[in-house]
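Quick note, the sequences are listed as chains A and B, same order.
With this note's numbering applied, the first sequence corresponds to residues 1 to 249, in that order.
With this note's numbering applied, the second sequence corresponds to residues 1 to 394, in that order.
C-beta atoms are modelled at their ideal positions from N, C-alpha and C, and glycine is treated no differently.
This structure is a prediction, so every number in the text was calculated from the model and none was measured.
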Amino acid sequence: MNITVCLKRVPDTETRVRISDSGTSIDPGGVKFVMSPYDEFAMEAALRMTEASGEGEVVALTLGDTTSQETLRSALAIGADRAVLLNGEVTMDGLATARALASELGEADVPLILFGMKAADDDQQQVGPMVATLMGRPCATGVSSFELTDGTVVCDREVEGGTERVELPLPAVITVTKGEFEPRYASLKGIMAAKRKPLEEKEAQISPARITVEKLEYPPARAEGRIVGEGPDAVPELVRLLREEANAL
Amino acid sequence: MAGKFQGIDFYDVDGLLSEEERMIRDTIREWVEDRVMPLIGEAYIERRFPTELIPEIAEMGMLGANLPEEYGCAGLNNVAYGLIMQELERGDSGIRSFASVQGALVMYPIHAFGSEEQKREWLPQLAAGTKIGCFGLTEPDYGSNPAGMITTAKKTDDGWVLNGTKMWITNGSMADVAVLWAQTGEIGDTKGIRGFVVPTDTEGFTATDQKGKLSLLASDTSELHLQDVHLPDSALMPETTGIRSPLMCLTQARYGIAWGVLGAAMACFHEARSYAVERVMFDGPIGGKQIQQVRLADMLTQITQGQLLALQLGRLKDAGTMTAQQVSLAKRANVNMACDIAREARRLLGANGILVEYHSMRHMANLESVYTYEGTHDIHSLILGQALTGIAAF
Chain A
1 MNITVCLKRV
11 PDTETRVRIS
21 DSGTSIDPGG
31 VKFVMSPYDE
41 FAMEAALRMT
51 EASGEGEVVA
61 LTLGDTTSQE
71 TLRSALAIGA
81 DRAVLLNGEV
91 TMDGLATARA
101 LASELGEADV
111 PLILFGMKAA
121 DDDQQQVGPM
131 VATLMGRPCA
141 TGVSSFELTD
151 GTVVCDREVE
161 GGTERVELPL
171 PAVITVTKGE
181 FEPRYASLKG
191 IMAAKRKPLE
201 EKEAQISPAR
211 ITVEKLEYPP
221 ARAEGRIVGE
231 GPDAVPELVR
241 LLREEANAL
Chain B
1 MAGKFQGIDF
11 YDVDGLLSEE
21 ERMIRDTIRE
31 WVEDRVMPLI
41 GEAYIERRFP
51 TELIPEIAEM
61 GMLGANLPEE
71 YGCAGLNNVA
81 YGLIMQELER
91 GDSGIRSFAS
101 VQGALVMYPI
111 HAFGSEEQKR
121 EWLPQLAAGT
131 KIGCFGLTEP
141 DYGSNPAGMI
151 TTAKKTDDGW
161 VLNGTKMWIT
171 NGSMADVAVL
181 WAQTGEIGDT
191 KGIRGFVVPT
201 DTEGFTATDQ
211 KGKLSLLASD
221 TSELHLQDVH
231 LPDSALMPET
241 TGIRSPLMCL
251 TQARYGIAWG
261 VLGAAMACFH
271 EARSYAVERV
281 MFDGPIGGKQ
291 IQQVRLADML
301 TQITQGQLLA
311 LQLGRLKDAG
321 TMTAQQVSLA
331 KRANVNMACD
341 IAREARRLLG
351 ANGILVEYHS
361 MRHMANLESV
371 YTYEGTHDIH
381 SLILGQALTG
391 IAAF
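Here you go:
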């Protein structure tokens, strides 16, 4: 079965980001960008699916500028068969992104479309379900494992305190969480082969963003620790502070 | 503890790398972070090479990565290969040594000097990590002077008989196959030295662990004993032509070392810088003291110089113009640099620096071996001296 995985290029979650002078975006200087970790789980899920069945191709799709080529190459390196870059600006407007992706996906008509559950940068969890809605397809979110049966996909979703099993007719859209999809490392041969795999660039059909970022702020600096005393003598004061200041007791 | 290692790149050396080279480096860096860093301290204390890493090292294609794809290797260029060595040694010199020996000292000679049958039999298995190899050149009394070796190979009607002892052999005890060098003529005949591919289960071949090491503890270092080891004619590597052949192998391994030690130096610098800005003594972080700032500035300068040296060496190797003397210069300079940085990093870390939870002292101890093996620092000085004056001092 052919599977398309929609990816996003995000700052490495280990990177300490700085707010740019404009105050509405992060300064990309010195920041390492990677495939969003949830999208890695989606890639892993897609690769396992096609490897197990021995048929079908995995296509990596993203909206972004030319810097996203690198993210698509890493998808090709771990095993995607080809990649498509929709040239267009990624904004906070998830619907604009979803429309651009849906218009591309509508042409391709793949039975299974995978997303990471959320992008590691904006955490919005919008685009997957929106694409499903625009395409009139069923959608399961936060899927930790799934199985294809004849014409349907059975998904386990991680819900509060347990697992929920749902069944969707194909074609469908799934957003994936880590679950059992521990991503593989690219092999060195895979990295070299990535260069020879097709990476197609197209202009995105994208509408202007209707959500704009007003302001970014750093979280408040953590106050310094305080030593309230030493030994057993300090316990009453510690308990008082935990109760009255920290409201922890 | 230091944050996630993200490399050192003060001079935008990344801008001199191709996208594939960067991707390969980043992939191995990630793997080392996930797989090597969590276990290396304990493996070191337990004095064991972490064999559990071998399947993934092989699966990713790290073994003999610069050898051609037709024998199951990754076919990378030499810069990418060097970057792999750098990232492995960021973890530990023992891990890099394992890969260096398998790739540069076992797979390379079989590829360069072996018969087609030897290549077909061994290279795919060595690349896949299902067979491990070692390289036996050094002897107890013939380290810097390998041409004087006294291990002999005597011709018989249908093959060869080997006798002798090889020392300081990385991977020796766990190896399935040994590339052994022996004198087929009179002792001292530089043209008489030939190479043999020897399965370690051959009768008369035994390996014993080197006891009492204080360096490279997470590495298998062994002594090999050859007592009437009978080999068929097909064990001889037909293209070996004298002492020049093993020296060509050493050039390959030294090339990898020139890159590898950059990783060890980067690991120490990364740890020292993180510690300097976090560790508070007197009235503020010790990174605010001039003495530590000088230390860190020196480290950064030396690493940056070493990076550019290794990279240009790699470009020369890929262009096919690299000389053995250029490799000597880089091995000598970069290992010395890494030794200095590891020692200074350990000192910056104060008492904490002697603990295995930190990495600098482990690197410091390891690098003393790296300084000594694959041509000691002193021998490389003499190689350069000979290149400069035309007079051999050894």
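Compute the distance between the beta-carbons of residue 44 of chain A and residue 181 of chain A, then report whether it is under 8 Å.
-> As a first step, residue 44 of chain A is located in the first sequence; it is residue number 44 there, counting from the start. As a first step, residue 181 of chain A is located in the first sequence; it is residue number 181 there, counting from the start. Yes, the pair counts as a contact, with Cβ atoms nearer than the cut-off.
For residue 48 of chain B, which residues of its own chain have a beta-carbon under 6 Å away from its beta-carbon, when the five flanking residues on both sides are left out?
-> As a first step, residue 48 of chain B must be located in the second sequence, where it is residue number 48. There are no such residues.
Determine which residues share a DSSP beta bridge with residue 154 of chain A and list them.
-> To locate residue 154 of chain A, count along the first sequence from 1; it is residue 154. According to DSSP, which records beta bridges pairwise, residue 154 of chain A is partnered with A:147, A:167.
From which residue to which residue does the beta strand (DSSP E) around residue 130 of chain A run?
-> In the first sequence, counting from the first residue as 1, residue 130 of chain A sits at position 130. Careful: residue 130 of chain A lies outside any beta strand (DSSP E), inside the alpha helix (DSSP H) at 127–135.
Taking the continuous alpha helix (DSSP H) assigned at residue 333 of chain B, which residues delimit it?
-> On the second sequence, residue 333 of chain B is found 333 positions in, with the first residue counted as 1. Residue 333 of chain B -> alpha helix (DSSP H) spans 324–348.
Which parts of the region 100–162 of chain B are runs of the alpha helix (DSSP H), unbroken and 4 residues or longer, counting only runs that do not cross its ends?
-> 108–113, 116–127
Classify residue 444 of chain B as buried or exposed, calling it buried when 16 or more other Cβ atoms lie within 10 Å of its own Cβ.
-> The shown model of chain B, from 1 to 394, leaves out residue 444 of chain B, and the question about it has no answer.
May I ask which residues mark the beginning and end of the alpha helix (DSSP H) holding residue 36 of chain A?
-> As a first step, residue 36 of chain A is located in the first sequence; it is residue number 36 there, counting from the start. From DSSP, residue 36 of chain A is part of no alpha helix (DSSP H); its letter is neither H nor E.
Beta carbon of residue 356 of chain B nearer than 8 Å to that of residue 44 of chain B = In the second sequence, residue 356 of chain B corresponds to position 356, counting from 1. In the second sequence, residue 44 of chain B corresponds to position 44, counting from 1. Yes.
Use the C-beta contact count for residue 284 of chain B: other C-beta atoms within 10 angstroms, 16 or more gives buried, fewer gives exposed.
-> Position 284 of the second sequence, counted from the first residue, corresponds to residue 284 of chain B. By the 10 Å Cβ count, residue 284 of chain B comes out exposed.
Taking 8 Å as the threshold, find out whether the region 223–234 of chain A comes into contact with the region 114–128 of chain A through three or more Cβ pairs.
-> no
Members of the region 60–90 of chain A that neighbour chain B once the beta carbon cut-off is set at 8 Å | 70, 73, 74, 77
If you draw a straight line from the C-alpha of residue 164 of chain A to the C-alpha of residue 174 of chain A, how long is it?
-> The residue you call residue 164 of chain A lines up with position 164 of the first sequence. The residue you call residue 174 of chain A lines up with position 174 of the first sequence. Straight-line Cα distance between these residues: approximately 14 Å.
Considering only residues of the same chain and omitting the five flanking positions on each side of residue 208 of chain A, which have a CB-CB separation below 6 Å?
-> In the first sequence, the residue the question calls residue 208 of chain A occupies position 208. Closer than 6 Å at Cβ, skipping near neighbours: no residue.
Please state if the CB of residue 90 of chain B and the CB of residue 267 of chain B are separated by a distance shorter than 8 Å.
-> In the second sequence, the residue the question calls residue 267 of chain B occupies position 267. In the second sequence, the residue the question calls residue 90 of chain B occupies position 90. Yes, Cβ-Cβ distance for residue 267 of chain B and residue 90 of chain B is below 8 Å.
Give the single residue among B:95, B:67, B:9 whose Cα lies nearest to the Cα of residue 108 of chain B.
-> Here the question's residue 108 of chain B lines up with position 108 in the second sequence. For the residues B:95, B:67, B:9, the minimum Cα distance to residue 108 of chain B belongs to B:67.
Which one of B:4, B:252, B:148 has the shortest CA to CA distance from residue 191 of chain B?
-> Counted from its first residue, the second sequence places residue 191 of chain B at position 191. Comparing Cα positions, the closest option is B:148.
Contact list for residue 259 of chain B against chain A, beta-carbon separation under 9 Å = The residue given as residue 259 of chain B occupies position 259 in the second sequence. Those within 9 Å of residue 259 of chain B in chain A number zero; the least Cβ separation is about 15 Å.
Proximal residues, the region 5–16 of chain B versus chain A, C-beta separation under 8 Å = 6
Three-way DSSP call (helix, strand, coil) for residue 366 of chain B in this model | Taking the second sequence and counting its residues from 1, the one referred to as residue 366 of chain B is at position 366. Correct three-state label for residue 366 of chain B: helix.
Report the neighbours of residue 199 of chain A on chain B: residues whose CB is nearer than 9 Å to its CB, in chain order.
-> In the first sequence, counting from the first residue as 1, residue 199 of chain A sits at position 199. Per Cβ cutoff of 9 Å: no residues; residue 199 of chain A is ~12 Å from chain B at best.
Spell out whether any CB of chain A is found under 8 Å from the CB atom of residue 304 of chain B.
-> One-based indexing of the second sequence puts residue 304 of chain B at position 304. No, residue 304 of chain B lies away from the interface with chain A (no Cβ there is under 8 Å from its Cβ).
Proximity of residue 99 of chain B and residue 160 of chain B at Cβ, strictly below 8 Å | Within the second sequence, residue 99 of chain B is the residue found at index 99, counting from 1. Within the second sequence, residue 160 of chain B is the residue found at index 160, counting from 1. No. Outside cutoff.
Flag this pair as touching only if the region 128–135 of chain A and the region 82–101 of chain A have three or more C-beta atom pairs under 8 Å; answer yes or no.
-> yes
Bridge partners of residue 4 of chain A, per DSSP?
-> Position 4 of the first sequence, counting from 1, holds the residue named residue 4 of chain A. Answer is A:59, A:113.
Residue closest to residue 344 of chain B, alpha-carbon to alpha-carbon, out of B:311, B:273, B:135, B:213 = The residue labelled residue 344 of chain B in the question sits at position 344 within the second sequence. Cα-wise, what sits closest to residue 344 of chain B is B:273.
Would you identify the three-state DSSP class for residue 201 of chain B, choosing helix, strand or coil?
-> In the second sequence, residue 201 of chain B corresponds to position 201, counting from 1. Note: residue 201 of chain B maps to coil in three-state DSSP.
Starting from residue 191 of chain A, find everything on chain B with Cβ-Cβ shorter than 8 Å and list it in chain order.
-> If you number the first sequence from 1, residue 191 of chain A lands on position 191. Chain B residues near residue 191 of chain A: 20, 23, 24, 27.
For residue 261 of chain B, does the three-state DSSP call read helix, strand or coil?
-> Here residue 261 of chain B refers to the residue found at position 261 when the second sequence is read from its first residue. It is helical.
Can you tell me which of the three DSSP states residue 249 of chain B falls into?
-> Counting from one through the second sequence, the residue named residue 249 of chain B turns up at place 249. Residue 249 of chain B falls in the helix class under three-state DSSP.
Between the C-alpha atoms of residue 194 of chain A and residue 58 of chain A, what's the straight-line distance to the nearest angstrom?
-> Walking along the first sequence from the start, residue 194 of chain A turns up at place 194. Walking along the first sequence from the start, residue 58 of chain A turns up at place 58. Those two C-alpha atoms are separated by around 13 Å.
Which one or two residues does DSSP pair with residue 139 of chain A in a beta bridge?
-> For the purposes of this step, residue 139 of chain A is taken as residue 139 along the first sequence, with counting starting at 1. DSSP output for residue 139 of chain A lists A:173 as bridge partner(s).
If you run the structure through DSSP and keep just helix, strand and coil, what is residue 34 of chain B?
-> To locate residue 34 of chain B, count along the second sequence from 1; it is residue 34. Three-state result, residue 34 of chain B: helix.
Going by the C-beta, is residue 122 of chain A closer than 7 Å to any heavy atom of the ligand COA?
-> The ligand COA is not part of the structure shown, which contains no ligands of any sort.
Inter-residue Cα distance where the pair is residue 206 of chain B and residue 306 of chain B | Position 206 of the second sequence, counting from 1, holds the residue named residue 206 of chain B. Position 306 of the second sequence, counting from 1, holds the residue named residue 306 of chain B. Looking at the two C-alpha atoms, the distance is approximately 40 Å.
C-beta contact flag for residue 64 of chain A and residue 9 of chain A at 8 Å = Here residue 64 of chain A is taken as the residue at index 64 of the first sequence, counted from 1. Here residue 9 of chain A is taken as the residue at index 9 of the first sequence, counted from 1. Yes; because the gap between Cβ atoms is below 8 Å, this pair is in contact.
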